Structures are given as C-alpha cells and as structure tokens.
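Participant:
2 protein chains.
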Amino acid sequence: MGYNALLERMGQVNDLLCAGSVLSWDERTMMPPGGAETRGKQLATLKVFARNHLVADETRRLLDVAEAEVANHAEDSVERTICAQVREAIDYHLRIPSELLQRRAEVGSRGHHVWVKARADSDFAAFAPILEETLALNREMAECIGYEEHPYDALMHRFEPGETLSSLQPLFATLREGLLPLVKAIGEKEPPRVDFLQQPYPVEKQLAFALSMARKVGYDTHRGRLDLTVHPFEISFTRNDVRITTRVNDDWMPKSLFGTLHEAGHGMYEQYCDPAYTRTPLATDLVGLYAVGGVSFGAHESQSRLFENQVGRSREFWELNFGELRDTFPEQLDGIDAETFWRAVNWVRPGFIRVESDESTYDFHIMLRVEIEAALVDGSLSVAELPEAWNAKMKEYLGLDVPDDSLGVLQDVHWSSGQVGTFCNYTIGNVMAGQLFAEAKKDDQVRGGLGAADYHPLREWMTEHIHRHGRRYTREQLLERATGRGLDPTDYVAYLTSKYTEVYEL
Amino acid sequence: MGYNALLERMGQVNDLLCAGSVLSWDERTMMPPGGAETRGKQLATLKVFARNHLVADETRRLLDVAEAEVANHAEDSVERTICAQVREAIDYHLRIPSELLQRRAEVGSRGHHVWVKARADSDFAAFAPILEETLALNREMAECIGYEEHPYDALMHRFEPGETLSSLQPLFATLREGLLPLVKAIGEKEPPRVDFLQQPYPVEKQLAFALSMARKVGYDTHRGRLDLTVHPFEISFTRNDVRITTRVNDDWMPKSLFGTLHEAGHGMYEQYCDPAYTRTPLATDLVGLYAVGGVSFGAHESQSRLFENQVGRSREFWELNFGELRDTFPEQLDGIDAETFWRAVNWVRPGFIRVESDESTYDFHIMLRVEIEAALVDGSLSVAELPEAWNAKMKEYLGLDVPDDSLGVLQDVHWSSGQVGTFCNYTIGNVMAGQLFAEAKKDDQVRGGLGAADYHPLREWMTEHIHRHGRRYTREQLLERATGRGLDPTDYVAYLTSKYTEVYEL
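Heads up: the protein sequence lines correspond to chains A and B, in order. When the first sequence is numbered by the working numbering, its final residue is 635 and no position is left out of the sequence of numbers. When the second sequence is numbered by the working numbering, its final residue is 635 and no position is left out of the sequence of numbers.
#1: If you pair each beta-carbon of the segment 379-389 of chain A with each one of the segment 184-199 of chain B, do three or more pairs fall below 8 Å?
#2: Taking only beta-carbon atoms, is D541 of chain A less than 7 Å away from chain B?
#3: Could one say the Cβ of P161 of chain A lies closer than 7 Å to chain B's Cβ atoms, at least one of them?
#4: Where do the N-terminal and C-terminal ends of the beta strand (DSSP E) with L188 of chain A fall, by residue?
#5: Applying a beta-carbon distance threshold of less than 8 Å, which residues of chain A neighbour T407 of chain B?
#6: Per DSSP, what kind of secondary structure is R614 of chain A in: helix, strand or coil?
#7: Closest Cβ-Cβ distance between L357 of chain A and chain B: below 7 Å?
#8: Along the chain, where does the beta strand (DSSP E) containing T619 of chain B start, and where does it finish?
#9: For the segment 312-328 of chain B and the segment 465-477 of chain B, state whether three or more C-beta atom pairs, one from each stretch, are separated by less than 8 Å.
#10: Going along the chain, which residues of its own chain have a beta-carbon closer than 8 Å to the beta-carbon of I652 of chain B, five neighbours each way excluded?
#11: Name the chain A residues that come within less than 7 Å of N369 of chain B, Cβ to Cβ?
#12: Taking CB distances under 7 Å as the criterion, tell me whether K334 of chain A reaches chain B.
#13: Can you find a C-beta in chain A that's less than 7 Å from the C-beta of A148 of chain B?
#14: Which residues mark the beginning and the end of the alpha helix (DSSP H) in which T293 of chain A is found?
#15: Which value, in whole angstroms, describes the spacing of the CA atoms of D541 of chain A and A513 of chain B?
#16: Is there at least one Cβ from chain B nearer than 7 Å to R354 of chain A's Cβ?
#17: Using a Cβ-Cβ cut-off of 8 Å (strictly less than) and excluding sequence neighbours within five positions of R224 of chain B, which residues of its own chain qualify?
#18: Quick check: F253 of chain B and D534 of chain B, are their CB atoms within less than 7 Å of each other?
#19: For T409 of chain A and E208 of chain A, what's the separation of their Cα atoms in angstroms?
#20: Which runs of the alpha helix (DSSP H) fall wholly inside the segment 245-293 of chain B and span at least 4 residues, in chain order?
#21: With respect to the beta strand (DSSP E) encompassing V142 of chain B, which residues constitute its N-terminal and C-terminal limits?
#22: Determine the direct distance from the alpha carbon of Y621 of chain B to that of A148 of chain A, and round the result to whole angstroms.
#23: Indicate the three-state DSSP secondary structure (helix, strand or coil) for R372 of chain A in the structure shown.
#24: Going along chain B, which residues have a C-beta under 9 Å from L145 of chain A?
#25: Output yes or no for whether 7 Å exceeds the beta carbon distance between F301 of chain B and F426 of chain B.
#26: Looking only at its own chain, which residues have a Cβ that is under 8 Å from the Cβ of E605 of chain B, when we skip the five neighbours before and after it?
#27: How about L191 of chain A and L135 of chain A: are their beta carbons less than 7 Å apart?
#28: DSSP state of S365 of chain A, grouped into three classes?
#29: Between Q327 of chain A and chain B, is the shortest Cβ-Cβ distance under 7 Å, so that the two count as touching?
#30: Under a CB-based cut-off of 7 Å, is V312 of chain B close to chain A?
#31: Kindly identify the DSSP beta-bridge partner or partners of Y419 of chain B.
#32: On a Cα-Cα basis, can you pick out the residue from A:T630, A:Y419 and A:F436 that is closest to M139 of chain A?
#33: Can you list the residues of chain B that D403 of chain A reaches, using a CB-CB cut of under 7 Å?
#34: For R600 of chain B, count neighbouring C-beta atoms within 10 Å of its own C-beta (all shown protein chains included) and say buried if the count is 16 or more, exposed if not.
#35: Using a C-beta cutoff of 7 Å, does L418 of chain A count as contacting chain B?
#36: Output yes if chain B places a C-beta closer than 7 Å to the C-beta of H596 of chain A; else output no.
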C-alpha cells in the first residue's frame, strides 16, 4: 500500500514535470513573443509544485512505510532502487529553499529570450546582467547542495552524478594527448571537397530527408515529431511523446541532417525506456526536477553522438544511403559519389561554433567551457572579463581569433536557461559512445545490420543495454554491465584516429 | 498581507490551469498519436492540483484574513469581488470529490481521440461506451453540485451561471416565433449563386487571408497564433498568449475565413482583458477550473458571433474588403463582385452540421441539443436511443433526413471532452451579439469605422464595455451596463429579419 501510494505520488510529480516540458517545448518552437513573461511564471509554478509534492510530509510518511514494506527485497530490486532515489532526492531538495528554485526558473525563462536577441545582435552587454543573475543563483545553489572541493562539483552533480572537476582532469589529459597530434596531422593535409554542400538545398526537402533518416535508425514518429527551433533540443513527455527539433541552413545541408540524427539518438533513449517505468522515478530526474529517462546527461549524449557520428558519419552508412540522398537532391549532388560525400561530412576545420565543430576538435570546445565555467562560479573570472577569456582560450586551443561574441561567448543556449555545469557531459557522451559502439559491433547481428542499412539490431542492442534501464543503474553501472568496464576513452581515441587516418590518408 | 498572499495563491492556480490549457492546445494541434494516454493523466493531475490548491486549508485561512482586510471596501470593489468569487468557488468544489474530477479529466482526454476516429468512421457504436461514461460522470457531478428543478441546471451553471432549463424556454419561444416564418419565407425564394465558392482555393492562401482579416478586426498575433485542427477552438494562456485554430476545406473557402473570424472574436475577448487582472480570479474560472477571462460561455460566444456574422457577413464589410479577397484569388473570383460574394456567404440552406449552418437555422440546432442533452442527463433518453432521437428532431425542426451519424450525433466535439450543458451558450451568444452590435453602432466612431474598413473603434467599444472587465461583472451586469437592459432577443431577431429581407429580397 505504502509503496504503491508512493508510486502514484511520484507519478503526479512526473506529470507536473512533463507538463513543464510541454510548456518549454512550446516556448521554444511555437509560442508568440508576447507570451514570454507569464510563461516564465507558469514554468516556475510547475517546478515549485513538483518539488513541494516530492518533499511533502505525506510523501515522507509514505516513503517510510514503503521502505519498511520492501526491506526484504534484493538491494538492487526496482522497489528498493526507487525508494533510495526518492530518499536521496528529498534530502537534496530540503537543502535548497523553494523560493531559490522559483527565482531560478523565472530567470531561466526570461534569460532565453534576452539571449536570443543578444546573440542575433552579437551584444554581450545585453546578456551580461542576466548572466550575472544566473551565476549568482548557481553559486547560491552550490552552497546549498554542498561540495568537498569546488562549488562547480555541486553544480555538475545534477547533470553527471559522481563527476568532479578533479575526476575530469585525467580524462581530459588522455584526450589531449590522443587528439592534439591527430588535429595537427590533419592540418597538414589538403581539405576534402565540400563545395557541393554549400549551395541551396530546399528547406522542406532537407527536413523530409532528415526525418526519413531519423526513422531509419529507429526514431518512432508515432510517438514523436520534428520541428524547427533556434537551438535544437530533444524533450520528452513520457516515452509516448518524445519530440526532436532541428534548424536548417538553406545552403549548408549537413546541419539539419546530422542535427536531426543527433536529436533522434537522444529521442530513442527516451522512447525505448521500459514502459513499466513510465511515470515512475526510473523515468524522472527527481534531483534535477526534469522528466527524463536517461540516467545522466553524459549517458544521454552517448546515444545522440553515437547515431550522429559513429553511425551517421561512417563510410558504410553513406555507401548504403547516399543513393536516397542523391535521389532527393539530384541537381545539387550531380556528379558526387558516396565516398566524396562521406569525406565532405568528415571535413576537419577548427571553427568557432561548438555545435558545428567536427569530431576531432569538439572536445577542445568542451574543455574551454568547463574551465571557464568553473572560474566564473568560483569568482576567479568576472562576467566583464568573460569575452576576453573566452577568446584567449579559443586562440590557445584552436588557434582562432573570435571576430564577435555571437561566434564566441554568446553561442550556447545553456547559460541562458540557467544551466551551469553541464558541458562536461558532451565529452563524456563522446567517450561513452566510442566505448558502446565498439562493444555493440562485436555482435554479429549488429554488424550484419550496419552492413545492410538495417539499424534495428543496433537500436535493439542499445535498448537492451542502455535505453530500457531508464534511471535504474548509474552511468558507470550501465557501462560495466554493457562493456565490462567503467568509462574508458581508449575506444573513442582509436575510433577517431582510425577514421581520420582513412579520411585524410594520414 | 492576507489579500496579497491570497492573490499569489490564486496566481498559482491560474498558472496550473494555463499549463493545462497549453497541454490541451498541444493535444489538439501538435501531439503525435502515441501521446494520448499519458497526456490524459497529465491533464488530470494539473486540474487536481489546481483544485486542491484552491480549496486547501491555507487558502481558506488566507481568505478569512483577506475578507477581514477588505471588509471596508465598496461591495463591488475588485477586492471584495475577488474574495466573494474565491469563497463561492471553494464552496462549489468542496461539494465535488477530487477523484470524480480526475476521472472526468481522464475520460475527457481519452474520449477526444475515440471521437475523432468514430466520427471519421461514422461509427456511433465505437463512441457510445465513452459517452455512457461521460454522462454517468456528469450525472454524478450534478448530484454533487445540487439543483432545484433539473440536474441539467447544475451542469449549465459551470458554463452559463444563472441559466436554467426553464429560464431558456421563453427565449427559445421568442426565437421560434421570430425565425420560423423567416426560414419559411427564405425557402420559397431562389438560392443565391454559390458555385464560385465550391472550387479549389489553395490552403496556404486561405490561411493567410483569414489571418489577415483576423488581424484587421483586431486580433493581435504578437500575442497569438493560428493553427490547423479538427474541431476549431480558441484557448488562452493569459492575455499574453491567446491562440486560435481553424480548419480548411480546399473547395469551400468560407469555412476557414468565417471560422477564423469567429475564433478571433473569442481571442480578442481574452487579449484585451485588463492587464491588471492577469493571473487573478478575474481572469480565471475558478468554478470550471479553466483559465479564461470571459465571464460566461455565452458572453464569450457573443464576441465570436459578432465578428463572424454581424461584422464578417455584412454587406458593408464585403463592399470594403472584397478587393483584397479578389486580389488573393483572382482566378477563382474572376467576374464575381462584392454583392454576389456577400449574398453567397449568406446563403440559407438547412443542413446537418451545426458549425456550418447559416444564421437563420443555427438556433434550431441548439434547441435540439439542449432538449436531447437534458433528456440524456435525466435518463428519459438512453445512449442507444440517441441517434434515432437526434435524427427525428432534425426532421422535425429542419425537415432533413440525416444520412449517417458523422453528419448527425457524432458531429460535435463537446461530449467527447466531457462537456455536457454548454450548448445553450451558442444561442445566448447570438442574442447577446445582436444586442451589443446594435448598441455599439449608436456610437459615431464605431459607425464611421465600419464604413471605412477600420475596425479599431468597434474593437475598442467592445474592450471598453466587455473585454476589459474579465470576470468582474456577471453577464447580465455587463449587458445592463453596456445596453441598459438584460439579455433581450429583440435586436437579434430584427437584425436577422432585416439582413435576410435584403439578401433574399423578401
């Protein structure tokens, strides 16, 4: 009785958080400009109600009863895992005053709109005040949450539980060591031919082809849809309704195509969560107060990067699918073959924009952000100094001079919606994708499918080892179960080295 | 302190209800089919939380304090009106168990999807079980709410406070007396030429023209948007985001055009509510648990019908705006002039579908539904007998033989989402529109504007007398203040008689 009643209360928390996600999706795809202010209040109220329902006396009473009820279940049973997660989340939230949470949601909603305009105008000064507010709120959060070494660790906990600034250092060092020589070697070679990607490709056809590829790798449009937005994202309102978004350049076709494969990878993580976990804590981030089935942002990113890059930018993928692409754009791709296309979409060009960067330089964008965020949080860097610090690091890591802030410090959506501490997840996702894909390819059916443009065996392997488990296991437990070891960059560095050796004939 | 704290709590109730409205809008315009089941749960949870927050001990404590605080304000002051409305709503809801409310929301969400399919298949049997559930729930509701004469009165209260089955009888009698001879006289005349409306009009151009006209009469797209749906509706998430929907026939152009003007009329009622009322009970239906600024469904319908019919189907409107329409569709309207078009869109043809019916027969569709609903509610008519009863009344009132249920009993969306007792509002809206438009035209600026295709003075008159007041005054108080008398069908009957005498040269 206690356990079932606890589940129903957690179902209501999930409902409120899913409702917030619908409002967020709408805000970023459909909402008319006038709606921004009251939408922020509505989002704040939904989070406050979800949080209050979670920590309410009645929930705690039911949790006590439930814990006693399931005490004789195995320690890693679903029931005890759920009780432990609810207990941990309640402890976490009782450390954070609800009014702080509400201010944070309101600033996040306002911030997004300020940022959209500031980025369009490349006007950092217009964004600076709300970034100050965001950082102050995040510092307050870190103090409430608590940490051992650095306030940034407290902020990362929401996105990548267990990760700290110091635990990232050896991972980053291995990547630097493996990737810097690779980027250098590539820089000495001639770039591939890419001119045919830089011509007009009709928007509607781009969207249709991108969605067709997303479906092909396993994204289910009966339980999803694709829309346009400024900064693409994936969002779910239970596994039954998981939406993806993209943006389209009418003269740089890869953006919509690979962006959509990326979000489809995220989407499948949610769509193939065990249906029995729907509305339970195993499909709800009770700490981050977000209705999501993925166990960490890094684990989530492993699925998006895997389908975008390991699958979507592979030679084999285009040997099998280029025909459909050329049939869609016969004029634009006249005289181009699969190999030429494959080389073009693996073009390495150190650039300003993280989301447009190639696989060999992507992780340097992440290291830059992690270092800058940590310094902003501990106050060793001020908001006024931020653009200069950003630009200096871009010069140091990628040898580039940033021409204006829209190509620099204003490019990412994260800060605008109040998120600080999430960037490491991208590199963790890259590394985890390398590790999982190498393991999956040991399976005959997966390998056979990849060689026949049938991506169901791969999707099913990921569902079996990752998707279906929702939040039942930690990221490290998932990796141990799937590959026999925790996070390990060996496969990822080997994958990049092997691919670029082939693309650039190193 | 008590009053302001009460307002903030009511603001949160409004937030939750607005969130529910965003989810409803999404469900009916954007949601992929897989999302239906969990969406129903999410909507139910939002209503339950709104209701529980409204009736919570803390709200009642604050209400006691607030009432004492504002006791020396004028009886009709905003403060005392708000306190009285909160008190009334709490009393109402405490009579209805929250689990009944939750079941009702869930059935409503499921019902909509069942109905969409049943209507497409003209399969009443597929819809009957959920209609049984809906009626049973509404009967339970009526018993909880309480009534003096008929359970239907209790159900109407949510939509049209103060109206009863018996109070409708004299109104209906006057309309029958005034309109039956008119319909008969029209039936003896030749119909106008309408062939040019029954050809392909491109969908995108129809939408663009309809939206252009909606903007012209005053609908603000900075705080709104137009989308496609199956059964058009208007919905608001505060006055800052008020959305309208329409459907388009590619060979019957008036549907999208007049449907959009209709929803724009609803939309303006919300958009021009006093901004000071945002998130307060004066922009929240605390009894119906719906975030709406209009004071009754009938008052709301007065605005939609006024802009659709009194303005949109007037001779003067097309004398001034036909040029823009012909420029949009030069081939389709080749050789057609404003007068021919105006006669065509006032074509009287007794038909099966309420939302497509002309002004002279519309109210007969309403009388039929009110009689049938009341009989379904008191059990004198069973669901099994419903199609036959419907078809018999269509024969009696409009002389028509209904060929299948999609053109009969399955046509309306209302029952599918759990609404029973709302149909009288359409006729009340028609009557109120006639009364308000006759009064507004006594104003020189309004009349001058109408003669120069400038609809701002009319919209401003409506804002001054209706929109801005939100839910501060009752429908009858609004009418008294605007026209010096309560609801009176004289102007409406005179308007129809005069228009059709001209159109049909009676």
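For glycine and all other residues, C-beta sits at the position ideal for the given N, C-alpha and C. From a predicted model like this one, the values you see are computed outputs, not experimental measurements.
Facilitator: On the basis of the data shown:
#1: No: fewer than three Cβ pairs fall under 8 Å.
#2: Residue contact with chain B for D541 of chain A: absent (no Cβ-Cβ distance below 7 Å to any residue of chain B).
#3: Closer than 7 Å to some Cβ of chain B, the Cβ of P161 of chain A qualifies, so yes.
#4: In the sequence as presented, Leu is not what sits at residue 188 of chain A; that position holds Thr. First-last for T188 of chain A: D186 to E198, but that is the alpha helix (DSSP H), not the beta strand (DSSP E).
#5: One finds T167 in chain A with Cβ atoms closer than 8 Å to the Cβ of T407 of chain B, taken in chain order.
#6: Residue state for R614 of chain A is assigned as coil, using DSSP reduced to three classes.
#7: Between L357 of chain A and chain B, the shortest Cβ-Cβ separation is not below 7 Å.
#8: It is not in any beta strand (DSSP E) - T619 of chain B instead sits in the alpha helix (DSSP H) that spans T619 to V632.
#9: Three or more beta-carbon pairs separated by less than 8 Å link the segment 312-328 of chain B to the segment 465-477 of chain B, which places the two stretches in contact.
#10: Because chain B spans 130 through 635 in this model, residue 652 of chain B falls outside it and cannot be assessed.
#11: Ordered by position in chain A, the residues that pass the 7 Å Cβ test against N369 of chain B are G163, G164, E166 and T167.
#12: No - not a single Cβ of chain B is within 7 Å of the one on K334 of chain A.
#13: Using beta-carbon distances, A148 of chain B counts as an interface residue toward chain A, with a partner under 7 Å.
#14: Where T293 of chain A is concerned, there is no enclosing alpha helix (DSSP H), given that its DSSP letter is neither H nor E.
#15: Pairing D541 of chain A with A513 of chain B, the inter-Cα distance amounts to about 60 Å.
#16: Taking Cβ atoms only, chain B reaches closer than 7 Å to R354 of chain A, which makes this a yes.
#17: Apart from sequence neighbours up to five positions away, the residues of its chain that approach R224 of chain B with a beta-carbon distance below 8 Å are C273, I274 and G275, ordered along the chain.
#18: In this structure, D534 of chain B lies closer than 7 Å to F253 of chain B by Cβ.
#19: Their backbone Cα atoms lie some 11 Å apart in a straight line.
#20: The segment 245-293 of chain B is shown to contain whole alpha helix (DSSP H) runs of 4 or more residues at 253-274 and 280-288, in chain order.
#21: No beta strand (DSSP E) holds V142 of chain B; the alpha helix (DSSP H) holding it covers G131 to T158.
#22: Each residue's CA atom was taken as its position, placing A148 of chain A and Y621 of chain B some 43 Å apart.
#23: R372 of chain A falls in the strand class under three-state DSSP.
#24: What L145 of chain A touches in chain B, judged by beta-carbon distance under 9 Å, is L145, A148, Q171, T174, L175 and F178, going in chain order.
#25: Not in contact: F301 of chain B and F426 of chain B (Cβ atoms no closer than 7 Å).
#26: Annotation for E605 of chain B: G291, G615 and L616 place their beta carbon closer than 8 Å to its own, counting only its chain and skipping 5 residues before and after.
#27: Cβ atoms of L191 of chain A and L135 of chain A: closer than 7 Å.
#28: Reduced to three states, the DSSP call for S365 of chain A is strand.
#29: No, no contact with chain B.
#30: No - not a single Cβ of chain A is within 7 Å of the one on V312 of chain B.
#31: According to DSSP, which records beta bridges pairwise, Y419 of chain B is partnered with B:D414.
#32: Nearest C-alpha to M139 of chain A: A:Y419.
#33: Going along chain B, no residue has its Cβ under 7 Å from D403 of chain A, so there is no contact; the nearest lies around 15 Å.
#34: Taking every protein chain shown into account, the CB of R600 of chain B has 16 or more other CB atoms within 10 angstroms, so this residue is buried.
#35: Not closer than 7 Å to any Cβ of chain B, the Cβ of L418 of chain A fails to qualify, so no.
#36: Not flagged as an interface residue toward chain B: H596 of chain A, since no C-beta distance is shorter than 7 Å.
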